[in-house]
Amino acid sequence: AALMSSLPMVPWLPLLAGAILLLGVTNGALDVGGNTLLVWVHTDRVGPFMNGLHLAWGVGAFLSPLIVATSLKLTTDIDVAFWVMGLLMLPAAVWLFSLPSPSVATQQAGPSQAAGPAPVLLASFVIFLALFAGSEAGFGAWIYTYALKIGLGTEQTAASLNSAYWAALTVGRFLGIPIATRVAPQRIVVVDLAVALASISLIVFLPGSSSALWLGTVGLGVSLATVFPMALAQAGRSMVMTGKVSRWFFVGASAGGMSIPWLIGQLFERVGTQVAMGTIGAALTLDVLVYALLLRQLRQRAGEGSARV
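Counted the way my numbering counts, the sequence shown spans residues 94 to 402.
Following this line, the structure appears as structure tokens:
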């Protein structure tokens with residue numbers, strides 16, 4: 094809250110860059126800590142709560158541009174937007190500070206978790222989340238430019254597509270809360286990946302169709318919405334979710350969220366506009382293969398745990 098509120102008052106560019114860097118570090122700590130503590134509190138029942146957490150992230154991502162736009166409209170600058178967003182963090186901080194700390198996850202570990210996460214299993218989760226986060230961020234970052242370049246709409250249409258994607262993502266997370274109370278995380282992720290592949294295939298193989306672009310955009314938003322929270326819920330069922338384990342998940346997700354949009358940018362002008370959707374389709378296909386490997390490891394791990402019991 095302090096860093097966010099201070100950004101408009103920093104007069105020197107290197108100091109501003111340092112403040113933004115620190116803001117990124119604190120956001121990373123909140124990501125790792127918040128998701129880890131949620132698993133500790135709710136253990137095997139974490140699915141709907143994890144969806145609720147990521148729904149809140151989607152709501153914030155939707156509201157923050159509106160706060161910026163309102164600030165520009167009322168004051169012609171964005172200083173007020175930073176102060177408002179900083180103030181909005183304080184009630185949550187005060188409330189969180191008043192809550193008791195949950196029990197450490199190692200006290201709740203089952204037989205299959207007792208040995209800790211196997212390196213290959215942990216690496217599989219990290220790679221899976223990296224490919225997913227890269228696909229999610231890559232589509233959100235490039236759908237606007239892609240729609241304009243292929244001539245399927247005006248700037249307003251492209252902006253509407255972008256908004257539709259993030260709105261579908263938020264709706265998907267909202268719908269995922271009741272679904273996660275009745276359906277296992279593994280089944281949700283499998284269905285999500287199948288719908289995501291079908292959606293991106295519509296866009297890749299019907300590049301001249303406006304209907305395919307809209308349907309694929311909404312389908313991707315809804316299907317990708319619950320992959321990350323459900324993968325974390327599944328990880329919480331199969332390994333001890335310590336801060337050290339969680340940090341690797343978010344390192345992987347952050348690396349994918351940076352590298353795949355960057356790769357698309359490097360290839361967009363050199364290869365052509367279709368490279369954007371093709372790269373996302375390839376990343377999702379690899380993600381399905383990694384998830385199949387991950388499920389195989391989880392089945393083996395569950396069998397070994399039952400044998401020890």
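A virtual CB, placed ideally from N, CA and C, is assigned to each residue, including glycine.
Which residue spans inside the region 130-212 form an unbroken alpha helix (DSSP H) run of at least 4? 140-168 and 172-191
According to the neighbour-count rule (16 or more other Cβ atoms, all chains shown, within 10 Å of its Cβ), is residue 170 buried or exposed? exposed
Check whether the region 186-197 touches the region 294-313, counting contact only when three or more Cβ pairs, one atom from each stretch, lie closer than 8 Å. no
Measure the C-alpha to C-alpha separation of residue 382 and residue 283 and round it to an integer number of angstroms. 11 Å
For the alpha helix (DSSP H) holding residue 340, just list the boundary residues, first then last. 336-364
Let me know the secondary structure DSSP gives residue 275 once reduced to three states. coil
Proximity to residue 157 [Cα-Cα], best of 104, 259, 246 and 241: 259
With three or more C-beta pairs closer than 8 Å as the rule, is the region 111-124 touching the region 137-146? no
Would you mind listing the alpha helix (DSSP H) stretches within the region 246-320 that are 4+ residues and don't spill past its ends, in chain order? The qualifying runs are 248-273, 278-298 and 303-317.
At the 7 Å Cβ level, is residue 213 part of the contact set with chain D, yes or no? Chain labels in this structure do not include chain D; a single protein chain is all it has.
Would you check if there are 3 or more beta carbon pairs closer than 8 Å linking the region 348-355 to the region 219-232? yes
Host alpha helix (DSSP H) of residue 94 (start-end): Segment: none, residue 94 is in no alpha helix (DSSP H) and carries neither H nor E.
Mapping the DSSP letters down to three states, classify residue 105 as helix, strand or coil. coil
Can you tell me whether residue 101 sits near the ligand PLP, meaning its C-beta is under 6 Å from at least one heavy atom of the ligand? Of the ligands one can find in the structure shown there are none, so the ligand PLP has no counterpart to examine.
When the Cα of residue 278 is compared with those of 318, 261, 299 and 247, which residue comes out closest? Of the candidates 318, 261, 299 and 247, 318 places its Cα closest to the Cα of residue 278.
Please state if the CB of residue 102 and the CB of residue 179 are separated by a distance shorter than 7 Å. no
Determine contact between the region 323-337 and the region 293-302, defined as no fewer than three beta-carbon pairs at a distance below 8 Å. no
Quick one: using the 10 Å Cβ neighbour count with 16 as the cut-off for buried, is residue 120 buried or exposed? Its Cβ having fewer than 16 others within 10 Å, residue 120 is exposed.
So residue 146 and residue 322 are in contact, right, with Cβ under 8 Å, and what is the actual spacing, rounded? 7 Å
Of the residues 316, 132 and 187, the one placed nearest residue 94, counting alpha carbons only: 187
Does DSSP put residue 332 in a helix, a strand or coil? Reduced to three states, the DSSP call for residue 332 is coil.
Of the residues 161, 213 and 184, which one's Cα is nearest the Cα of residue 173? 161
Classify residue 105 as buried or exposed, calling it buried when 16 or more other Cβ atoms lie within 10 Å of its own Cβ. exposed
With a 10 Å radius around its C-beta and 16 neighbouring C-beta atoms as the bar for buried, classify residue 362 as buried or exposed. exposed
With contact counted as at least three CB pairs below 8 Å, one residue from each stretch, are the region 238-257 and the region 362-372 in contact? yes
So, using beta-carbon positions, are residue 234 and residue 354 closer together than 7 Å? yes
Counting Cβ pairs, one atom from each stretch, are 3 or more of them under 8 Å apart for the region 264-279 and the region 246-255? no
Per-residue DSSP class, three states only, for residue 374: helix
Taking 7 Å as the threshold (C-beta atoms), are residue 289 and residue 183 in contact? no
If you run the structure through DSSP and keep just helix, strand and coil, what is residue 417? Look at the range of the chain in this structure, 94 to 402, and you will see that residue 417 is not part of it.
Here's a check: name, in chain order, each residue in its chain whose Cβ is nearer than 7 Å to the Cβ of residue 216, leaving out the five neighbours to either side. So no residue of the chain qualifies.
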